[in-house]
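Residue numbers (my numbering): 2 to 285. Note that CB positions come from ideal geometry on N, CA and C, so glycine has one too. Comments concern the structure below.
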């Protein structure tokens, strides 16, 4: 694909996987701009269903350096809006992070293009080896009938069947089957009983030195006894044992209990925090 240099590696991997599964055109839309025969700009939309209406996530908007400040991004976005209206999309949404060199320019562009005022969707806690000082990392016994296991030791179909057997209900952002980055096999953990899977703590390798802690889920009957941080503690210990120095925890605003725990137990050992922000562009 000649547009590959204009997109994130994790996004390219998702596109490849969707193509292999036959979902490519129904899940993603790519809108490109060319100068001569060379790719100059690209937008990638991911189509989603939610609350009875379709919407699209702007996963990528990139203009190659030689063609910046030539209104190419605006031209691409006009085409994006036209396609979304044609497909009867209710809105566009975009996610980005605070504290980056691009944050200020992104927010200025969003305001100029008529997007909504950004909201905090999640808080990101950044840790390093100093987390080893946390007293809550010490190993504790699990409740009777529960055990931890390495997620990568089981086949995906077996895991899905076990989750179905346990009748687990969880929002998409807590799914253990995301494909945006390679699953980290050394410390992605599951929690199981005889009835099936009762929880998980999923991690993804962003680069050689950094692991992303993305989704922590505990079955409702076990949510009040500290099992989320029991799993996280074990996962962090495995990370440190493997010599991986950095970790990132994304805690969604839609999980207030987890947010409270993160502020209490993670924040004191984080070398910085940032926000994952969201902005919308209404189309109807």
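Contacting residues, own chain, Cβ-Cβ under 8 Å from residue i (five flanking each side not counted)
i: residue 278; result: 96, 97, 98, 99, 119, 120, 121 and 122
i: residue 186; result: 151, 152 and 153
i: residue 139; result: 234
i: residue 134; result: 270
i: residue 110; result: 74
Beta-carbon contacts of residue i that lie in its chain and below 7 Å, excluding the five residues immediately before and after
i: residue 85; result: 57, 93 and 284
i: residue 18; result: 180
i: residue 64; result: 41, 42, 73 and 74
i: residue 1; result: No statement about residue 1 is possible, as the shown extent of the chain runs from 2 to 285 and does not include it.
Closer than 7 Å to chain B by CB, residue i
i: residue 114; result: The structure shown contains no chain B, having only a single protein chain.
Anticipated Cβ contact below 8 Å, residue i with residue j, distance rounded
i: residue 1; j: residue 62; result: No answer is possible for residue 1: the residues shown for the chain start at 2 and end at 285.
i: residue 275; j: residue 216; result: Residue 275 to residue 216, Cβ: 19 Å. No contact.
i: residue 184; j: residue 229; result: Not a contact, Cβ separation roughly 19 Å.
i: residue 232; j: residue 192; result: 6 Å
i: residue 115; j: residue 7; result: About 24 Å; that fails the 8 Å criterion.
i: residue 132; j: residue 223; result: Contact flag wrong, Cβ pair sits at about 24 Å.
i: residue 147; j: residue 199; result: 7 Å
i: residue 117; j: residue 220; result: With a Cβ gap of about 35 Å, residue 117 and residue 220 do not count as contacting.
i: residue 241; j: residue 190; result: Going by Cβ atoms, the distance from residue 241 to residue 190 rounds to 15 Å, so no, they are not a contact pair.
Inter-residue Cα distance where the pair is residue i and residue j
i: residue 128; j: residue 9; result: 24 Å
i: residue 201; j: residue 67; result: 45 Å
i: residue 204; j: residue 88; result: 35 Å
i: residue 171; j: residue 218; result: 8 Å
i: residue 173; j: residue 157; result: 17 Å
i: residue 255; j: residue 125; result: 14 Å
i: residue 143; j: residue 265; result: 22 Å
i: residue 16; j: residue 90; result: 21 Å
i: residue 36; j: residue 77; result: 13 Å
i: residue 108; j: residue 196; result: 48 Å
i: residue 80; j: residue 3; result: 20 Å
i: residue 238; j: residue 159; result: 26 Å
i: residue 14; j: residue 30; result: 15 Å
i: residue 50; j: residue 130; result: 40 Å
i: residue 113; j: residue 82; result: 15 Å
i: residue 136; j: residue 182; result: 30 Å
Neighbourhood of residue i by C-beta distance below 6 Å, restricted to the same chain and skipping five residues each side
i: residue 260; result: 252
i: residue 55; result: 90
Residue i - DSSP class collapsed to helix/strand/coil
i: residue 2; result: coil
i: residue 118; result: coil
i: residue 172; result: coil
i: residue 254; result: coil
i: residue 215; result: strand
i: residue 19; result: helix
i: residue 163; result: helix
i: residue 90; result: coil
i: residue 180; result: coil
i: residue 259; result: helix
i: residue 78; result: helix
i: residue 156; result: coil
Legend entry - contact_flag[the stretch 100-108, the stretch 208-215] where n(CB pairs < 8 Å) is 3 or more: no
Legend entry - Given 8 Å, three or more beta-carbon pairs between the stretch 243-251 and the stretch 157-172: no
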